[in-house]
Amino acid sequence: VDYYLGNIERQQHLNAFLEVWPDEARAQADAVDAKRAAGTAGPLAGMVIGLKDVLAYAGHSLQSSSRMLDGFKSLFTGTAVQRLLDADAILIGRQNCDEFAMGGSNESSYFGPARNAADPNRVPGGSSGGSAVAVQADMCLASIGSDTGGSVRQPAAFCGVIGLKPTYSRISRYGLVAFASSFDQIGPLTRSVEDAALLLEVMAGPDGMDSTASQREVPAYSQLLAPAGHYRIGYIADAIDNEGLNPEIKAALEGQLDRLRGLGHVVEPVDFHYLDVMIPTYYILTTAEASSNLSRFDGVKYGYRAPDVTDLESLYKKSRSQGFGPEVQRRIILGTFVLSANYYDAYYTKAQRVRRLIKEKTDELLRQYDFLVLPTTPTTAFRIGEKQDPVSMYLADIFTVQASLAGVPAISVPMGEDAEGMPMGLQVMAGAFREAELLAFATELV
Ligand code: GLN
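What follows is the structure, given as structure tokens:
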């Protein structure tokens with residue numbers, strides 16, 4: 025704990041943590057030591073973990089990096105976090121992220137951007153940016169983030185760490201601030217595949233507090249990491265030939281595919297022609313869900329309330345206008361628009377249909393192949409302030425939203441660095457609930 029606290033202290037300029045809990049972490053560490061001595065320590069004993077600021081932890085501030093939740097403290101602990109505590113993890117602090125997890129650079133945070141430790145002038149990715157930097161710069165052993173359209177995998181790729189988005193419903197969302205409820209998943213950011221497997225094993229499973237959480241039994245992922253011989257691996261040809269793909273990432277990916285062939289796996293190109301509808305479909309559906317989810321922030325029940333209001337309507341208007349930043353407001357407006365009576369069928373219903381097509385095609389490919397491989401991101405980490413246009417930011421999610429639309433698990437593993445020393449990520453998807461196979465295969469990639 026002292027080691028990580030020292031690293032956090034020395035690297036405050038990276039803005040990874042919004043808050044640290046030194047006294048509590050030390051007390052947890054002492055308690056774990058005592059349990060160790062008694063031989064009763066849990067599976068995460070000694071793991072020092074940071075939490076993205078979207079996870080409820082009783083008595084602790086929870087803000088989703090938004091002014092809207094200024095001063096708000098959670099009254100309860102979410103299921104995933106409770107399971108970490110029950111397994112004797114040590115929680116060290118609350119991590120910076122994009123406001124309400126909306127973004128891909130951590131720049132929409134009310135607390136300013138976190139910075140990439142490989143080059144502090146660049147973004148760490150987002151929305152779980154602080155969580156990725158914290159692992160990259162050794163400020164904690166692992167972080168717990170959330171991934172709606174890439175928010176664990178993309179910052180993991182930008183920061184050279186591992187990021188896992190489990191199958192939708194594998195981990196309970198109870199105690200996760202909702203962004204787009206049919207996409208949101210909690211996921212770990214780690215340095216090793218083993219740690220990702222162990223954290224998933226602890227956090228996953230049925231939960232009476234989230235009726236969408238899967239009832240399926242949780243495999244002992246951490247005991248199932250031996251690769252099972254030769255796999256059938258598909259790579260999405262359109263992704264590799266995508267004109268926006270950085271040539272160094274393309275070359276690294278092709279190198280990995282050759283290496284996998286050399287190891288005896290079957291590696292084949294697959295057709296997947298939905299790449300250009302991926303971003304519109306994702307942004308229509310997630311903004312629709314977000315506009316509904318965020319209606320609870322009205323200046324009455326939680327956090328920020330505007331001063332100088334005259335009546336109930338001005339209380340709503342002023343609190344929401346002042347409490348939400350521009351990206352969140354943009355999405356609420358867009359989501360409200362696509363759900364409005366005159367446009368519902370043209371946008372929302374159509375996007376639901378396209379989501380179904382994407383899911384069916386993805387599931388079909390994942391029956392033909394054990395895994396689908398593609399880049400995590402089209403570029404490496406960009407400079408802070410470089411992407412001013414929201415659409416260019418959205419387009420950068422091109423490779424991560426497929427797994428989110430289809431609800432299947434996906435992992436990003438480090439794939440070397442570009443000529444400027446910036447990390448690159450390789451992404452692998454597997455069929456729903458095939459995390460054990462996915463993690464075992466990932467051990468061959470790192
Ligand atoms: N960058 C994507 C978005 O802004 C993903 C966000 C996320 O996964 N939370 O929606």
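full-length UniProt numbering puts the first residue of the sequence shown at 25, with every later residue one more than the last.
No residue lacks a Cβ here, since even glycine has one placed at the ideal position from N, Cα and C.
Own chain residues within Cβ distance below 7 Å of residue i, not counting five before or after
| i | result |
| --- | --- |
| threonine 386 | Gln426, Ala430 and Val432 |
| leucine 419 | Ile303 |
| glycine 66 | Asp110, Ala111 and Asp112 |
| isoleucine 308 | Val362, Tyr371, Tyr372 and Ala375 |
| leucine 99 | Ala82 |
| glycine 288 | His254 |
| tyrosine 367 | Phe361 |
Bridge-paired residues (DSSP) for residue i
| i | result |
| --- | --- |
| methionine 453 | Leu396 and Ala434 |
| glutamine 209 | Asp171 |
| lysine 189 | Ala434 |
| phenylalanine 41 | Gln119 |
| arginine 407 | Arg146 |
| serine 85 | Lys97 |
| lysine 76 | Gln119 |
| isoleucine 195 | Ala228 |
| leucine 200 | Leu79 |
| proline 293 | Tyr259 |
| threonine 214 | Ile186 |
| proline 447 | Glu441 |
Same chain, Cβ closer than 6 Å to residue i, neighbours up to 5 away in sequence not counted
| i | result |
| --- | --- |
| threonine 214 | Ala166, Ile186 and Ala220 |
| valine 437 | Ile186, Leu450, Ala466, Leu469 and Val470 |
| leucine 269 | Pro402 |
| asparagine 31 | Asp162 and Met163 |
| alanine 204 | Thr172, Thr310, Glu313 and Ala314 |
| glutamate 218 | none |
| arginine 285 | Val291 |
Buried versus exposed call for residue i [16 or more other C-beta atoms within 10 Å across all chains shown]
| i | result |
| --- | --- |
| isoleucine 357 | exposed |
| glycine 169 | buried |
| threonine 311 | buried |
| lysine 325 | exposed |
| arginine 380 | exposed |
| threonine 103 | buried |
| histidine 84 | buried |
| serine 196 | buried |
| glutamine 35 | buried |
| methionine 71 | buried |
| alanine 40 | buried |
| serine 343 | buried |
| valine 290 | exposed |
| glycine 279 | exposed |
Proximity winner among the options, relative to residue i (alpha-carbon distances)
| i | options | result |
| --- | --- | --- |
| leucine 68 | Tyr328, Phe321, Leu389 and Ser246 | Ser246 |
| leucine 389 | Tyr326, Ala314 and Glu292 | Glu292 |
| alanine 261 | Lys274, His254 and Gly253 | Lys274 |
| asparagine 130 | Phe406, Leu93 and Leu249 | Phe406 |
| leucine 281 | Ala454, Met163, Ala55 and Leu396 | Leu396 |
| aspartate 122 | Leu224, Phe182, Gly95 and Ser155 | Ser155 |
| glycine 440 | Ser133, Ala141, Gly184 and Leu79 | Gly184 |
| proline 251 | Asp369, Tyr368, Ala58 and Ala464 | Ala464 |
| leucine 318 | Ile32, Val25, Leu93 and Ala40 | Leu93 |
| glutamate 225 | Ala202, Leu188 and Val201 | Leu188 |
| serine 90 | Gly347, Ser315, Asn266 and Tyr192 | Gly347 |
| valine 159 | Ser193, Ala204 and Pro212 | Pro212 |
| aspartate 295 | His289, Ile264, Leu277 and Val176 | Ile264 |
| leucine 38 | Leu75, Phe207, Gly136 and Ala55 | Gly136 |
| phenylalanine 96 | Leu79, Leu108, Val105 and Arg107 | Leu79 |
| aspartate 26 | Leu42, Gly445 and Ala51 | Ala51 |
| isoleucine 73 | Gln106, Arg60, Gln87 and Ser88 | Gln106 |
| leucine 299 | Gly117, Tyr328, Arg320 and Glu267 | Glu267 |
| phenylalanine 207 | Gly455, Ile257, Thr101 and Arg194 | Arg194 |
| glycine 445 | Ala142, Val352 and Tyr340 | Ala142 |
| glutamine 119 | Leu108, Leu75 and Asn145 | Leu75 |
| glutamate 48 | Ala454, Leu222 and Leu29 | Leu29 |
Cutoff 9 Å: residue i Cβ touching any chain B Cβ
| i | result |
| --- | --- |
| glycine 74 | Looking for chain B here will not work: only one protein chain is present. |
Own chain partners of residue i with C-beta closer than 8 Å, once the 5 adjacent residues on each side are dropped
| i | result |
| --- | --- |
| serine 88 | Asp77, Val78, Cys121, Glu123, Phe124, Ala125 and Val201 |
| proline 243 | Glu225, Glu459 and Ala460 |
- In the stretch 244-283, which residue ranges form an unbroken beta strand (DSSP E) of at least 3 residues, counting only runs that do not cross its ends? 256-260
- Taking only runs of the beta strand (DSSP E) that begin and end inside the stretch 92-166, which ones reach a length of at least 3 residues, in chain order? 114-119
- Contiguous alpha helix (DSSP H) assignments of at least 4 residues, all confined to the stretch 331-396: 336-347, 350-363 and 374-392
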